[in-house]
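Trainee: Note that the sequence shown covers residues 1 to 657 in the UniProt record's numbering. C-beta: ideal position from N, C-alpha, C; glycine also.
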Amino acid sequence: MTSTSHFWDQWEHKFAPVGNDIQLHYIDVGPRDATPVVLVHGWPDLWFGWRYQIQALCKTYRVIVPDLRGFGRSSAPSTVEGYGTKKVTGDLAGLLDFLNLPRAVFVGHDWGGAIVWRMCMFYPERVQAVCGICTPYFPQGDVCVDYDKLIPAIPQFSYMKLLGDSERAAKMLDIDPRRIFTAMYRKYNEFADDFEFLKTVENVADPSDPVYTEKSELLSDAELDYYVAEYSRSGFFGSCSYYSRRQQDFEDEKDLPRVINHESLYIGAVDDPILKPELAAGMPRVMPNLKQELVNGGGHWLLWEKKDAVIDILQRWLKQLDLSTDNHFWDQWEHKFAPVGNDIQLHYIDVGPRDATPVVLVHGWPDLWFGWRYQIQALCKTYRVIVPDLRGFGRSSAPSTVEGYGTKKVTGDLAGLLDFLNLPRAVFVGHDWGGAIVWRMCMFYPERVQAVCSVCTPYMPPSDAYMDTDALVKAVPQFSYMTLLSQPDDAAQLLDVAPRRLFTATFRLHSDIDTTITFLELLRNVPASPNPIFTKPSKLLEQAELDYYAAEYERSGFAGGCNYYAARRIDFEDERELPRTITHKALLISPSKDRVLTPKMAAGMFHVVPNLQQEIVEDAGHWVLWEQKDEVTRILKQWLETISLDTPRSDIEDILP
Numbered sequence: 001m002t003s004t005s006h007f008w009d010q011w012e013h014k015f016a017p018v019g020n021d022i023q024l025h026y027i028d029v030g031p032r033d034a035t036p037v038v039l040v041h042g043w044p045d046l047w048f049g050w051r052y053q054i055q056a057l058c059k060t061y062r063v064i065v066p067d068l069r070g071f072g073r074s075s076a077p078s079t080v081e082g083y084g085t086k087k088v089t090g091d092l093a094g095l096l097d098f099l100n101l102p103r104a105v106f107v108g109h110d111w112g113g114a115i116v117w118r119m120c121m122f123y124p125e126r127v128q129a130v131c132g133i134c135t136p137y138f139p140q141g142d143v144c145v146d147y148d149k150l151i152p153a154i155p156q157f158s159y160m161k162l163l164g165d166s167e168r169a170a171k172m173l174d175i176d177p178r179r180i181f182t183a184m185y186r187k188y189n190e191f192a193d194d195f196e197f198l199k200t201v202e203n204v205a206d207p208s209d210p211v212y213t214e215k216s217e218l219l220s221d222a223e224l225d226y227y228v229a230e231y232s233r234s235g236f237f238g239s240c241s242y243y244s245r246r247q248q249d250f251e252d253e254k255d256l257p258r259v260i261n262h263e264s265l266y267i268g269a270v271d272d273p274i275l276k277p278e279l280a281a282g283m284p285r286v287m288p289n290l291k292q293e294l295v296n297g298g299g300h301w302l303l304w305e306k307k308d309a310v311i312d313i314l315q316r317w318l319k320q321l322d323l324s325t326d327n328h329f330w331d332q333w334e335h336k337f338a339p340v341g342n343d344i345q346l347h348y349i350d351v352g353p354r355d356a357t358p359v360v361l362v363h364g365w366p367d368l369w370f371g372w373r374y375q376i377q378a379l380c381k382t383y384r385v386i387v388p389d390l391r392g393f394g395r396s397s398a399p400s401t402v403e404g405y406g407t408k409k410v411t412g413d414l415a416g417l418l419d420f421l422n423l424p425r426a427v428f429v430g431h432d433w434g435g436a437i438v439w440r441m442c443m444f445y446p447e448r449v450q451a452v453c454s455v456c457t458p459y460m461p462p463s464d465a466y467m468d469t470d471a472l473v474k475a476v477p478q479f480s481y482m483t484l485l486s487q488p489d490d491a492a493q494l495l496d497v498a499p500r501r502l503f504t505a506t507f508r509l510h511s512d513i514d515t516t517i518t519f520l521e522l523l524r525n526v527p528a529s530p531n532p533i534f535t536k537p538s539k540l541l542e543q544a545e546l547d548y549y550a551a552e553y554e555r556s557g558f559a560g561g562c563n564y565y566a567a568r569r570i571d572f573e574d575e576r577e578l579p580r581t582i583t584h585k586a587l588l589i590s591p592s593k594d595r596v597l598t599p600k601m602a603a604g605m606f607h608v609v610p611n612l613q614q615e616i617v618e619d620a621g622h623w624v625l626w627e628q629k630d631e632v633t634r635i636l637k638q639w640l641e642t643i644s645l646d647t648p649r650s651d652i653e654d655i656l657p
């Protein structure tokens, strides 16, 4: 049995959660560190419409091609209220967020052209440059022009009123997608002189008209089959809903700027019967950096009919743009999501050789996976490095109440992540709260831990009697900040106001910390204190690193992370029957200048962690992962080399597939 493969079969299909319960299906090919170019399809097209341009551009650019919401394999809201340019451009911004890309070049065709022009208005900072193919830029007017007024002015738009009745249009088109695609996807000179697209849609069920059955040479059988299969599955309602939102689009866009200042390109098809190039006459008045190219001998399906001409124009335009970007080493890592049980999804990074020893790096508070960026970079050459955002942090699920937190649940997530990745065990390394979590992994899931390391955080065995936060602070005064953080709603209300000020004040060299105030006082002063500690740039972070933290916490808020401090009673109840001794091979890395988790707090650990090795890092405070990144990496590498890979099989391997 043989099968025919096509050049587009080589591209992996991926899915990105972009917010508001929307998941976009997309293709992402080309060098990870190249300029990202997002190609946006129109109606009734799919990502697949760009197949020839993907093939050509991906040699030089990172080419990202989604199915828009309502199309193909992306989420499709079931009512017209789920559509509109504001929502669709928000999806594209969410896709950039998911891919950890600050901006991209956007190129759109047909409806995709309208969307990329609107990207410049809704999200101007995310657009490096913009190109519309066939679709002119029409600035929003001062009044909404409904179809009854639009169609007399532009008669070839008559079909839009029918498609705007989304349910009726979908019922007509869903009956036999092959007929509509056979009739529509044609070379410009195959259409009759009196062609009206409205009639093509209205008469789709007409058995006597050969236009619905005589296939055009524009598509191969395999290409036509792809479209038919995709729309047979998804239906046309979602895509037709774009035409039903004129009034809502007007309301959403009326206060946006009308001028697009980005470097811009308009590619017009001389023989397009719908989006005629003369409609673009006014564009230079509102697009001062516009270049225009017209393609002869091509109609609306220019991407295929004149594919080489389109590719040549795009490549020349992209080449002359100033596409210098501030790429960072962490931009190369793909962001993934794992369902780990109990409706929790963990965001994580997974880099390094697939068959190497897995090392799971676990962050603390108020950190993220990103806190391990330097160690990821160093360790992934030799180890498989897996770095999640814990529940409540970053892009992972965040339960809304304290009952959704606690060490038992969080360690369960990590065990679930190993299950998802089909890994029986791993080396676990944690910093700050992550240290507490990896010690607890040894107690809740000892068979999943190959070896364990904590940075800063000593192992504190479960207590025989419950100690609340007030009692803890009396015993360990430097923990006073926990009295605030153990009230998640109050703490979040305080910190959500100004994440950038918090990180500027907190993420500092140990020698650059304001020692005249406690950390509790610092937290209470985040919103409005004139203390320069909140505004003076830290030497510990680059601007791009600070920007990353600020952006992530502006999206997620602080409540989830603060719930870790609120779950003391839950942790006591869950841990009281656990063993107190950890027999795994263990390492504690202690920075000598940590003001909160001081090295002397580890004095009793050797009694309960018999295989412990402790290393002191001089001239470093709590943020030792960055302050002395090379030394931390050296210690970790040296220790990891001593860990035997010939560990006994565990019961878990017998049940994993």
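With distance defined between alpha-carbon atoms, name the residue in S241, T357 and K59 nearest to residue 698.
Mentor: With the chain covering only 1 through 657, there is no way to say anything about residue 698.
Trainee: What does a CB cutoff of less than 6 Å around W11 pick up in its chain, not counting 5 residues either side in sequence?
Mentor: Here the question's residue 11 lines up with position 11 in the sequence shown. Closer than 6 Å at the Cβ level, and outside the excluded window around W11, lie I27 and V29.
Trainee: For the alpha helix (DSSP H) holding K319, just list the boundary residues, first then last.
Mentor: By one-based count along the sequence shown, residue 319 stands at place 319. Start and end: K307 to Q320.
Trainee: Kindly indicate which three-state DSSP category E542 falls into: helix, strand or coil?
Mentor: As a first step, residue 542 must be located in the sequence shown, where it is residue number 542. DSSP, reduced to helix, strand and coil, places E542 outside both helices and strands of the structure shown, so it counts as coil.
Trainee: Quick check: R497 and L414, are their CB atoms within less than 8 Å of each other?
Mentor: The residue labelled residue 497 in the question sits at position 497 within the sequence shown. The residue labelled residue 414 in the question sits at position 414 within the sequence shown. Here the sequence assigns Val to residue 497, which means Arg is not the residue at that position. No.
Trainee: Kindly provide the ranges of any alpha helix (DSSP H) runs that are 4 or more residues long and lie completely inside the region 489-519, ordered along the chain.
Mentor: 499-506
Trainee: Can the beta-carbon of V608 be found closer than 8 Å to that of R569?
Mentor: Translated into the one-based positions of the sequence shown, residue 608 becomes position 608. Translated into the one-based positions of the sequence shown, residue 569 becomes position 569. For V608 and R569, no; Cβs fall outside 8 Å.
Trainee: Please say whether A169 and C240 have beta carbons closer to each other than 8 Å?
Mentor: Indexing the sequence shown from 1 puts residue 240 at position 240. Indexing the sequence shown from 1 puts residue 169 at position 169. In contact: C240 and A169 (Cβ atoms closer than 8 Å).
Trainee: Can you look up I22 in the DSSP assignment and give me helix, strand or coil?
Mentor: As a working mapping, residue 22 is identified with position 22 in the sequence shown. Three-state DSSP puts I22 in a strand.
Trainee: Beta-carbon within less than 7 Å of residue 676's beta-carbon, same chain only, minus the 5 sequence neighbours each way: which residues are those?
Mentor: An answer regarding residue 676 cannot be provided, because it is not within the stretch 1 to 657 covered by the chain.
Trainee: Buried or exposed for G282, please, with buried defined as at least 16 other CB atoms from any protein chain shown within 10 angstroms of its CB.
Mentor: Translated into the one-based positions of the sequence shown, residue 282 becomes position 282. Residue environment: G282 is assigned as exposed (fewer than 16 neighbouring CB atoms within 10 Å of its CB, all protein chains considered).
Trainee: With DSSP as the reference, please indicate the residues paired to Q614 in a beta bridge.
Mentor: Here the question's residue 614 lines up with position 614 in the sequence shown. In DSSP, Q614 forms a bridge with L588.
Trainee: What first and last residue would you give for the alpha helix (DSSP H) that runs through P66?
Mentor: For the purposes of this step, residue 66 is identified with residue 66 of the sequence shown, where counting begins at 1. Per DSSP, P66 belongs to no alpha helix (DSSP H); it is in the beta strand (DSSP E), R62 to P66.
Trainee: State the start and end residues of the unbroken alpha helix (DSSP H) segment that holds K161.
Mentor: Mapped onto the sequence shown, residue 161 falls at position 161. Note, K161: alpha helix (DSSP H), Y159 to G164.
Trainee: Taking L417 and Y466 to be in contact with their CB atoms under 8 Å, please state how far apart those CB atoms are, rounded to whole angstroms.
Mentor: Taking the sequence shown and counting its residues from 1, the one referred to as residue 417 is at position 417. Taking the sequence shown and counting its residues from 1, the one referred to as residue 466 is at position 466. The Cβ separation is near 30 Å, so there is no contact.
Trainee: Look at C134 and L265 and say whether their C-beta atoms are less than 8 Å apart.
Mentor: Mapped onto the sequence shown, residue 134 falls at position 134. Mapped onto the sequence shown, residue 265 falls at position 265. Not in contact: C134 and L265 (Cβ atoms no closer than 8 Å).
Trainee: Can you grab the Cα-Cα spacing for the pair L546 / W623, in whole Å?
Mentor: By one-based count along the sequence shown, residue 546 stands at place 546. By one-based count along the sequence shown, residue 623 stands at place 623. Note on geometry: alpha-carbon atoms of L546 and W623 lie some 14 Å from one another.
Trainee: Would F428 and V449 be called neighbours here (beta carbons separated by less than 8 Å)?
Mentor: The sequence position of residue 428 within the sequence shown is 428, counting from 1. The sequence position of residue 449 within the sequence shown is 449, counting from 1. Yes, the pair counts as a contact, with Cβ atoms nearer than the cut-off.
Trainee: Comparing C-alpha positions only, which one of A620, V596 and A56 sits nearest to L540?
Mentor: Your numbering for residue 540 matches position 540 in the sequence shown. The residue with the shortest Cα to Cα distance from L540 is A620.
Trainee: So if DSSP puts F344 in a beta bridge, which residue, or which two residues, is it bridged to?
Mentor: By one-based count along the sequence shown, residue 344 stands at place 344. For clarity, residue 344 is Ile in the given sequence; the question names Phe instead. I344 pairs with G341.
Trainee: Taking the straight line between their C-alpha atoms, what separation do you get for T457 and F7?
Mentor: Numbered from its first residue, the sequence shown carries residue 457 at position 457. Numbered from its first residue, the sequence shown carries residue 7 at position 7. So the two alpha carbons sit approximately 52 Å from each other.
Trainee: Report the residue from Y374, L346, V259 and G84 whose alpha carbon sits nearest the alpha carbon of T411.
Mentor: For the purposes of this step, residue 411 is taken as residue 411 along the sequence shown, with counting starting at 1. Minimum Cα distance to T411 is reached at L346.
Trainee: Which one of Q613, L256 and A586 has the shortest CA to CA distance from K86?
Mentor: If you number the sequence shown from 1, residue 86 lands on position 86. It is L256 whose Cα lies nearest to the Cα of K86.
Trainee: Classify A16 as helix, strand or coil using the three-state DSSP reduction.
Mentor: Here residue 16 refers to the residue found at position 16 of the sequence shown. Strand.
Trainee: Could you tell me which whole beta strand (DSSP E) segments of length 3 or greater appear in the region 412-473?
Mentor: 426-431 and 449-455
Trainee: Note down the Cα distance separating D594 from I517, rounded to an integer number of angstroms.
Mentor: For the purposes of this step, residue 594 is taken as residue 594 along the sequence shown, with counting starting at 1. For the purposes of this step, residue 517 is taken as residue 517 along the sequence shown, with counting starting at 1. So the two alpha carbons sit approximately 15 Å from each other.
Trainee: Output the distance between the C-alpha atoms of T598 and F479, rounded to the nearest integer angstrom.
Mentor: If you number the sequence shown from 1, residue 598 lands on position 598. If you number the sequence shown from 1, residue 479 lands on position 479. If you take the alpha carbons of T598 and F479, they lie about 11 Å apart.
Trainee: Does DSSP put L39 in a helix, in a strand, or in coil?
Mentor: Sequence index remark: in the sequence shown, residue 39 carries index 39 (1-based). In the structure shown, L39 sits in a strand (DSSP, three-state: E or B).
Trainee: Are the CB atoms of L494 and P527 within a distance shorter than 8 Å?
Mentor: If you number the sequence shown from 1, residue 527 lands on position 527. If you number the sequence shown from 1, residue 494 lands on position 494. Closer than 8 Å, so yes.
Trainee: Between the C-alpha atoms of T515 and A505, what's the straight-line distance to the nearest angstrom?
Mentor: Locating residue 515 in the sequence shown gives position 515, where the first residue counts as 1. Locating residue 505 in the sequence shown gives position 505, where the first residue counts as 1. Between T515 and A505, the alpha-carbon positions lie close to 12 Å from each other.
Trainee: Let me know if D221 comes out buried or exposed under the rule of 16 or more other beta-carbons within 10 Å of its beta-carbon.
Mentor: As a first step, residue 221 must be located in the sequence shown, where it is residue number 221. The residue in question, D221, is exposed, as its Cβ has fewer than 16 Cβ neighbours within 10 Å.
Trainee: Buried or exposed: N189, going by 16 or more other Cβ atoms within 10 Å of its Cβ?
Mentor: By one-based count along the sequence shown, residue 189 stands at place 189. Exposed.
Trainee: What does DSSP give as the partner residues of A129 in its beta bridges?
Mentor: For this step, residue 129 is matched to residue 129 along the sequence shown. Beta-bridge pairing links A129 to V105.
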